[in-house]
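There are 2 protein chains.
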Amino acid sequence: MSLFLSSYENRLDTKGRISVPASFRSSVASENFSGVVLYRSFTNNCIEGLSMSRMEKLASATDQMGVFDTELDDLSAMLFADARPLQFDVTGRIVIPEDLLLHAGIKDTAVFVGRGNSFQIWNPTAFKEIQNKSLGNLRKLRPNLKIKSDDN
Amino acid sequence: MSLFLSSYENRLDTKGRISVPASFRSSVASENFSGVVLYRSFTNNCIEGLSMSRMEKLASATDQMGVFDTELDDLSAMLFADARPLQFDVTGRIVIPEDLLLHAGIKDTAVFVGRGNSFQIWNPTAFKEIQNKSLGNLRKLRPNLKIKSDDN
DNA sequence: TATAAAACCATAAAATACCATAATTTAATT
DNA sequence: AATTAAATTATGGTATTTTATGGTTTTATA
Chain D
76 MSLFLSSYEN
86 RLDTKGRISV
96 PASFRSSVAS
106 ENFSGVVLYR
116 SFTNNCIEGL
126 SMSRMEKLAS
136 ATDQMGVFDT
146 ELDDLSAMLF
156 ADARPLQFDV
166 TGRIVIPEDL
176 LLHAGIKDTA
186 VFVGRGNSFQ
196 IWNPTAFKEI
206 QNKSLGNLRK
216 LRPNLKIKSD
226 DN
Chain V
76 MSLFLSSYEN
86 RLDTKGRISV
96 PASFRSSVAS
106 ENFSGVVLYR
116 SFTNNCIEGL
126 SMSRMEKLAS
136 ATDQMGVFDT
146 ELDDLSAMLF
156 ADARPLQFDV
166 TGRIVIPEDL
176 LLHAGIKDTA
186 VFVGRGNSFQ
196 IWNPTAFKEI
206 QNKSLGNLRK
216 LRPNLKIKSD
226 DN
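Note that the protein sequences, when read in sequence, are chains D and V.
According to this note's numbering, the stretch in the first sequence is residues 76 to 227, in order.
According to this note's numbering, the stretch in the second sequence is residues 76 to 227, in order.
Have a look at this one:
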């Protein structure tokens with residue numbers, strides 16, 4: 076799976092259909108499931124999205140943590156219960172379920188936001204706000220993303 | 076991936092296409108993705124550029140940090156949301172998106188500036204200015220770049 | 001049978017591939 | 001070292017494809 080990068084603003088039609096950006100589609104093109112998995116973000120008013128293969132990796136990651144980890148139980152309960160697998164139609168569109176749209180405050184336009192191994196779907200104005208906040212934080216804190224030297 | 080070195084001034088055509096310097100192209104020639112990734116610098120009025128493989132390393136670095144790391148959230152949010160994967164055409168050109176050009180104040184000419192594992196794209200005059208400032212700082216501060224002995 | 005969901009068809013705009021040429025750099029030859 | 005030849009690189013314009021988006025028809029379902 077290649078990365079989800081960049082941001083794309085697309086429109087929902089009267090039937091709730093919206094084009095998944097072509098670049099995001101090609102990110103999952105090699106997978107068995109021709110579509111994406113969406114769920115309501117735990118932390119933001121937005122929709123989280125990932126590939127089915129990544130969902131499967133999360134499943135096996137939770138396996139590693141043992142059966143009696145209650146915290147993780149809550150997490151996986153939420154995650155897997157809330158997750159919606161949505162298949163692309165012929166032209167690469169999906170219809171996002173009502174409750175997800177509600178959670179993100181999306182009406183007729185949405186922004187697909189790349190996050191590397193995952194992506195998010197936002198109400199355009201809500202996204203601009205949080206993006207400005209993030210930029211502000213960045214300029215103040217200058218966090219450092221370190222890459223081990225042997226990684227190149 | 077070999078290093079991005081030296082500086083090259085190239086012109087944009089009417090459609091916004093610009094040749095990536097041949098030397099930079101050969102720096103990423105061995106990679107799967109035949110192109111580069113660009114994003115607006117957080118700190119300067121210029122465009123940052125790197126290889127896709129470097130982007131992927133950043134992605135896995137953020138993965139290591141766990142799902143609920145908020146500081147890194149800001150960084151990766153900005154970075155991945157803003158990053159544009161741009162594929163070379165047959166002759167080695169890319170088209171730099173409007174908003175990136177605007178951010179860097181680039182009109183019809185741009186300088187590709189090598190930065191080792193990454194590079195930058197500048198408005199030519201803006202670059203000359205900042206370059207002079209950098210040289211001044213260097214002469215005053217004489218910082219020391221240390222190399223571990225086993226690194227060669 | 002009514003209603004929702006999926007499949008199908010159409011199109012304008014944008015992105016990309018294609019072709020051609022000028023300029024520059026590198027290599028070869030005298 | 002100077003000159004010529006070859007190859008590479010940068011640049012310009014056109015044609016084709018892809019993409020996003022809208023609408024209609026068919027199929028499944030309650």
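All C-beta atoms, glycine included, are put in the ideal place defined by N, C-alpha and C.
Nothing here was measured: the structure is a model prediction, and the numbers come from that model.
{"query": "Span separating the alpha-carbon of Gly91/D from that of Gln162/D", "result": "14 Å"}
{"query": "CA-to-CA distance, Leu216/V to Glu84/D, given in whole angstroms", "result": "46 Å"}
{"query": "Backbone CA spacing between Lys182/V and Thr200/V [nearest angstrom]", "result": "11 Å"}
{"query": "Ser102/D: CB within 7 Å of a non-hydrogen atom of the ligand MG", "result": "With respect to the ligand MG, the structure offers nothing, as it holds no ligand at all."}
{"query": "CB contact below 8 Å: Val188/D versus chain V", "result": "yes"}
{"query": "Residue closest to Ser105/D, alpha-carbon to alpha-carbon, out of Phe155/D, Met127/D, Asn212/D", "result": "Met127/D"}
{"query": "Alpha-carbon spacing of Ser102/V relative to Met130/V, whole angstroms", "result": "15 Å"}
{"query": "Given 8 Å, three or more beta-carbon pairs between the region 169-178 of chain V and the region 105-120 of chain D", "result": "no"}
{"query": "Residue-level contact to chain D via CB, Val111/V, 8 Å cutoff", "result": "no"}
{"query": "Span of the alpha helix (DSSP H), counted from its first residue to its last, around Arg129/D", "result": "127-139"}
{"query": "Cut-off 6 Å between Cβ atoms - residues of its own chain near Ala158/V, not counting five sequence neighbours on either side", "result": "Val112, Tyr114"}
{"query": "Neighbour flag for Gly167/D against chain V, beta carbons, 8 Å", "result": "no"}
{"query": "Within chain D, partners of Asp174/V - CB distance below 8 Å", "result": "Per Cβ cutoff of 8 Å: no residues; Asp174/V is ~10 Å from chain D at best."}
{"query": "Sequence-distant residues of its chain with Cβ nearer than 6 Å to Phe108/D (five each side left out)", "result": "Met127"}
{"query": "Per-residue DSSP class, three states only, for Arg190/D", "result": "coil"}
{"query": "Range of the contiguous beta strand (DSSP E) that encloses Asn85/D", "result": "82-86"}
{"query": "Selected residue, minimal CA-CA separation from Ala179/D, among Gln195/D, Val165/D, Asp149/D", "result": "Gln195/D"}
{"query": "Leu133/V versus Gly167/D, Arg190/D, Pro96/D, residue with shortest Cα-Cα distance", "result": "Arg190/D"}
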